[in-house]
Every structure is written in C-alpha cells, then in structure tokens.
Amino acid sequence: MMPTRLPSPTLAAPLHRLACLLAGLLTWLPITAEALAQPPTAPITREVQQRVVKIYGAGGIKGLEAYQSGFLVSPEGHIATAWSYVLDVEPIVVLDDGRRFESTIVGIEPALELAVLKVDASDLPYFEVDKELHAQWGDPILAVSNLFNIAAGNEPASVMQGTIAAVTNLDARRGTFQTPYRGKVLILDLIANNPGAAGGAVVDGEGRLIGMLGKELRDSGTGVWLNYALPIDALRTALGDIIAGRTTTVPKEENPVLRRDQSHNLTTLGLVLVPNVLESTPAYIDAVAPDSPAADAKLRPDDLILLLEGQRVGDQQTLIDLLRRIDRRDAVSITIQRGNEVLPIRLQP
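In this text, residue positions in the sequence shown follow the UniProt record's numbering: the first is 1, and each later residue adds one.
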C-alpha cells in the first residue's frame, strides 16, 4: 500500500490561506448577489413588450431597412419613436397583439430626433412618462425593440438585458457622431445598435420607462458603434407639446390657400431645390439666388428644410403647398438641418 503524501511544509501555509480565501468568497458572494438590483421578472417583461410596437415605412434604397420600433405613451394610441427616413411615408404600425393600423405623424422634434405617431385605437397599454430620470450608472435595464424585424405580427418584441454603462453628454459638437442631438445619453452595456431597434423602449428593473433607443451611430474617428438611449427626461417636454397640439405637422385650417400672386413660393424666397425625381424627394436646397431672403439668411446648398412655421416638411411638394398658405408680405420661419446641426432660420421678404 502506497503511503499518503502530504503537502510539503513550504506549500502547506499557502494552500491553507487559499482555502480560507475561497471560503470567504463563497460566504460573500450570495450576500452581494442579494444586494444587487434584480432584473425584471417575466410578468413585468411581458407588460413592457405589450407597450412596444413595430413600425414599417420607407426604405429599400441602398439597403436601408424599412422598419423600426416605437412605444405607446398614451392609451389613445400616441407612439414615440425615432425620427428617421422610415417615416418619409405615413407608416404602418403593428401592435403587440398583431393588430395593424395606418398611422399619422402628429409631430416631430428634429433636435431630439423624436417623432410622435398616432393610431386610431383606445384603451391601449402605455408607458407613463416621468418628469425625472430615475436611473444611474450600473442599474440593470431591459431594451425592448423589433431588432432585425424578428417580430413581424403578433410575436412579442425582442428583449435584451444589460446595464447602464454611463450617463454622459453625447460628444457630437466635434463631429464625432453624425447626429443633431446635443444632450445627455445613457450608454448601454448591450448590443442595441442593430437594424430596427431605433425607437425601442429602455426600462428599469421595475419596468418603468427610462429612455428611447437612439438611431445607429458610429464614431467617425474610431469606427466604433455606440449603444445608447435618449433619457426620458430629455424627451418629456417635446412629447407633451406634440401630443397637446402645441407642435403639429398638420396645416392649420385657419390659414387658407392663397392666390399664387399673393402667396410665397420658392422664387420669392430665392430657393432652388434639388431635382424632384422621387415620389417623396426631400427638400434639400440645391442653390440660393443672390440678393434674396434665402441669401440674406445665409442658407446654403445641401441644407435640408425640416419644418416650415413649425409644420413638418416631409417632401418638396409639402413645402410648396405650405408656402401657398403664407402671404408673401410676411416673414417665413423654417428649421433646417445642416450637417449635424438643426438651426432655426427666419426669412424676411
């Protein structure tokens, strides 16, 4: 029978210390796990999915996806989502239960890349929009969206679990990211930067809404994709204004269409737009006439007209139609996007 070999005296003390350390860790770990915030339970997750919708609209050009996500913010069918090319047409909205609706674009806030849609439905589950952001670094979160168009009908939206890696300001002023947004963001420790995820909901461990997934962003210097969400406290005021009708995209009925010799048009403002060759060609400026209101306002080629008198300019024909409601003796207020900036401009006749 072979004798049992004992550790040498030189190894006994280190092994004893290691055993004590492992025992201490096993005692400490369960306590730490209990102290950590727990992720949402299955019932809460299902409630969150019921408040998230699938949105289908424009796309297909240069491989652009024709879908994204949104979430309900009122029982009457108001939906918050990311403002993007998908909304160049009136989009189709599919609810969690599979019902399909034609939606209308109630309003947009270009500086936040936020849009609000409306479907003709009532008594819908929705998110309360809190006044303050109750979230901080390290908090566990869920990101719920229709990434990769996995949920096409009544399938529930996809759920990703992660944490808030940081709460910081988006460094877009230096041209690092191609976006007009200039504010606080939640940096997420999960892969949320996927096709279709934009406009999805980010919730905390209790299922409370804390943010909206932003559009795909890539650092122009490093090529790294950014996984982020716009915090709900940055969106709340704009959401309230749009839903309450203080910001609208619908032409005001009290402003009738004027005669062509009375109303503004592109010529009176000194604007030349890019060729109108598509069904919904965006209102990009191609040239500015010298000694015109547009020249005095320092408008430039490649500026994109987003709003006119607070109303959305989805395409060139919309811009022309809206100008027909403005007396050519009056000033015209527009909002443009120039590179990463969203700028208010006033044109004086």
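By construction, the Cβ of each residue, glycine as well, lies at the ideal position given by its N, Cα and C atoms.
Using the beta-carbon count (16 or more within 10 Å), is residue i buried or exposed?
i           : result
V332        : buried
residue 353 : The chain is shown from 1 up to 349; residue 353 falls before or after that span and cannot be answered.
V53         : buried
H134        : exposed
V203        : buried
V277        : exposed
I191        : exposed
I232        : buried
R51         : buried
P91         : buried
E102        : exposed
F148        : exposed
L347        : buried
N169        : exposed
K298        : exposed
T267        : exposed
G245        : exposed
A201        : buried
E216        : buried
residue 355 : Not covered by the structure: residue 355. The range shown for the chain is 1 to 349.
L64         : exposed
E113        : buried
A197        : buried
What residue does the alpha helix (DSSP H) around residue i start on, and which one ends it?
i    : result
A238 : I232 to I243
D321 : Q316 to L323
L266 : L266 to L269
Leaving aside the five residues before and after residue i along the sequence, list all residues of the same chain whose C-beta is less than 6 Å from its C-beta, in chain order.
i           : result
I108        : W83, A115 and R312
residue 359 : Outside the modelled stretch of the chain, which goes from 1 to 349, sits residue 359, for which no answer is possible.
R338        : D303
A289        : G270
P344        : T335
V274        : Y284 and D286
Leaving out five residues on either side along the sequence, give the residues of the same chain with a beta carbon under 8 Å from the beta carbon of residue i.
i    : result
G153 : V94 and G98
Q49  : D96, V144, P156, A157 and V159
S122 : P75, E76 and G77
D327 : L258, Q262, S263 and H264
A35  : No answer about A35 holds up, because its pLDDT of 38 lies below 50 and its placement is not dependable.
E47  : P125 and G207
A229 : A143, V185, L186, L188, A192, V202, I210, G211, M212, L213 and G214
Nearest chain D C-beta to residue i closer than 8 Å, yes or no?
i    : result
L347 : You won't find chain D in this structure, because it holds only one protein chain.
Mind checking which residues open and close the beta strand (DSSP E) that includes residue i?
i    : result
D296 : Segment P293 to D296 is the alpha helix (DSSP H) holding D296; no beta strand (DSSP E) there.
Q49  : Not the beta strand (DSSP E): Q49 falls in the alpha helix (DSSP H), residues A42 to Q49.
P140 : P140 to S145
S158 : S158 to N169
R346 : E341 to L347
K118 : L114 to K118
T281 : Unbroken run through T281: none, as it is neither H nor E.
L184 : A small fix is needed here, since residue 184 is Lys in this sequence, not Leu. Note, K184: beta strand (DSSP E), K184 to L188.
D286 : I285 to V288
V332 : V332 to R338
E109 : T104 to E109
Y210 : First, the amino acid is wrong: residue 210 is Ile here, not Tyr. Counting along the chain, the beta strand (DSSP E) containing I210 begins and ends at L209 to L213.
V274 : First-last for V274: undefined, no H or E at that position.
V203 : A201 to V203
I305 : L304 to L308
Could you name the residues of the same chain whose beta carbon sits closer than 7 Å to that of residue i, not counting the 5 residues immediately before and after it, in chain order?
i    : result
R236 : V129 and K131
D120 : G77 and F101
R324 : V257, L258 and S263
I150 : S158
N194 : L147 and F148
Between the stretch 256 to 274 and the stretch 228 to 244, are three or more C-beta pairs nearer than 8 Å? no
Could you tell me which whole beta strand (DSSP E) segments of length 3 or greater appear in the stretch 53 to 99? 67 to 72, 78 to 82 and 92 to 94
Taking contact to mean 3 or more Cβ pairs, one atom from each stretch, closer than 8 Å, check whether the stretch 156 to 171 and the stretch 135 to 142 are in contact. yes
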